[in-house]
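Peer 1: To get our numbering, take the position in the sequence shown, counting from 1, and add 5. Just so you know, even glycine gets a beta-carbon here, dropped at the ideal spot from N, CA and C. Fair warning: this is a prediction, and the values are worked out from it, not measured in the lab.
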Amino acid sequence: LMGDITLKEKISEMSLAFVGAGKMAQAMAKGFLAAGVVKADHITATAPSCRSQPSLEDIGCQFTHNNKEAVENSDIIFLSVKPHILPGVLQEIAPVVTKRHLMVSVAAGVPLQFLEEKLPPKSRVMRVMPNTPCVVRQGASVYVPGSHVEKEDSEIIKSLLSSLGYCSESNEGMISAVTGLAGSGPAYAFTAIDALADGGVKMGLPRELSIKLAAQTLLGASKMVLETGKHPMQLKDDVCSPGGTTIYAIHKLESGGFRNLLIDAVEGACLRADTIA
Ligand code: NAD
């Protein structure tokens, strides 16, 4: 417990940079602040345009166009630009990366070996696959330590990511599958919520009520899976009374290939992650 407290204290004194101030960076920054694990004035985010400056400054973070300066002044650097932008950014910041810096890439599809090769020898590099629900501290993330990270680096990232929701250590061979399931997954859920709401509207419910019921139903089902530890199909069976309404709906879902579609979705995103960078 003592160790945990000192680690948290240490983290609260650290400065963080997000190189790339887009959606994922802002979701993580807001989550960290909501969790109270880092001080707002210890967070800097960078981007070439001023688009995200107002929303970052609103939450008390610093904004700059200068990637090198942001790296120089920070302990932990989240590389949060699009995968195809990352090689150029690595080349730009490499001259100022030192032993002080823990470099954490959230980019889909960019291998650790590539990151390590583009940065000075022995750089402490990690990969993280987060998702945008980090913003409400219900993220689902994995982290993969690179060749030169220390035990404490992993502990720091685990502690930071745990403040944003569920997280676990993984190996690089799994990270594209994690991308296909959890990284891209919120979009599948948003689409499901919208479609369920359409169903409600079609059958006469007001849109607003329909969206609330759809979202809360997914949230409730998710919590039951996580909190009861029961298999999802046991929970499904529990809702399907013989000859009742739910099994009629399940039949419709199965006829439409609902499961196949979801499996295909995860596979599609996973395969894309392998070719994106
Ligand atoms: P985004 O387009 O919202 O953000 C990218 C940011 O990088 C923008 O602020 C842009 O101005 C900035 N940028 C562009 N060129 C730059 C440069 N040379 N130097 C500094 N900043 C620069 O994209 P995003 O959705 O936030 O994705 C960022 C990364 O996060 C991607 O690599 C993606 O694979 C990863 N990721 C995203 C999600 C997600 O749900 N959005 C989930 C997991 C991982």
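State the DSSP-derived secondary structure class of R264, mapped to helix, strand or coil.
Peer 2: helix
Peer 1: Can you check whether the CB of H47 is closer than 8 Å to the CB of S85?
Peer 2: No; because the gap between Cβ atoms is not below 8 Å, this pair is not in contact.
Peer 1: Rounded to whole angstroms, what is the Cα-Cα separation between K87 and A194?
Peer 2: 23 Å
Peer 1: Answer yes or no: do P116 and E77 have a C-beta to C-beta separation smaller than 8 Å?
Peer 2: no
Peer 1: Determine, using beta carbons only, whether G114 and C139 come nearer to each other than 8 Å.
Peer 2: no
Peer 1: Do T233 and V244 come within 8 Å of each other at the CB atom, strictly closer than that value?
Peer 2: no
Peer 1: How long is the line joining the alpha carbons of V130 and A202, rounded to whole angstroms?
Peer 2: Answer to the nearest angstrom: the Cα atoms are 43 Å apart.
Peer 1: From the DSSP secondary-structure annotation, give me the bridge partner or partners of P59.
Peer 2: According to DSSP, which records beta bridges pairwise, P59 is partnered with nothing at all.
Peer 1: Could you tell me the boundaries of the beta strand (DSSP E) in which V24 lies?
Peer 2: Going by DSSP, V24 is part of the beta strand (DSSP E) stretching over L21 to V24.
Peer 1: With burial defined as no fewer than 16 other Cβ atoms inside 10 Å of the residue's Cβ, what is the status of M238: buried or exposed?
Peer 2: Answer is exposed; the Cβ neighbour count stays below 16.
Peer 1: What does a CB cutoff of less than 6 Å around S57 pick up in its chain, not counting 5 residues either side in sequence?
Peer 2: A26
Peer 1: Give a yes or no on contact between the region 156 to 167 and the region 182 to 189, applying the rule of three or more CB pairs nearer than 8 Å.
Peer 2: No: the two stretches stay apart, fewer than three of their Cβ pairs being nearer than 8 Å.
Peer 1: Taking 7 Å as the cut-off, does the CB of V86 come closer than this to any heavy atom belonging to the ligand ZN?
Peer 2: Of the ligands this structure carries, namely the ligand NAD, none is the ligand ZN.
Peer 1: Sorry if obvious, but does the Cβ on N72 come closer than 7 Å to a heavy atom of the ligand NAD?
Peer 2: yes
Peer 1: Going by DSSP, what residues sit across from M134 in a beta bridge?
Peer 2: V147
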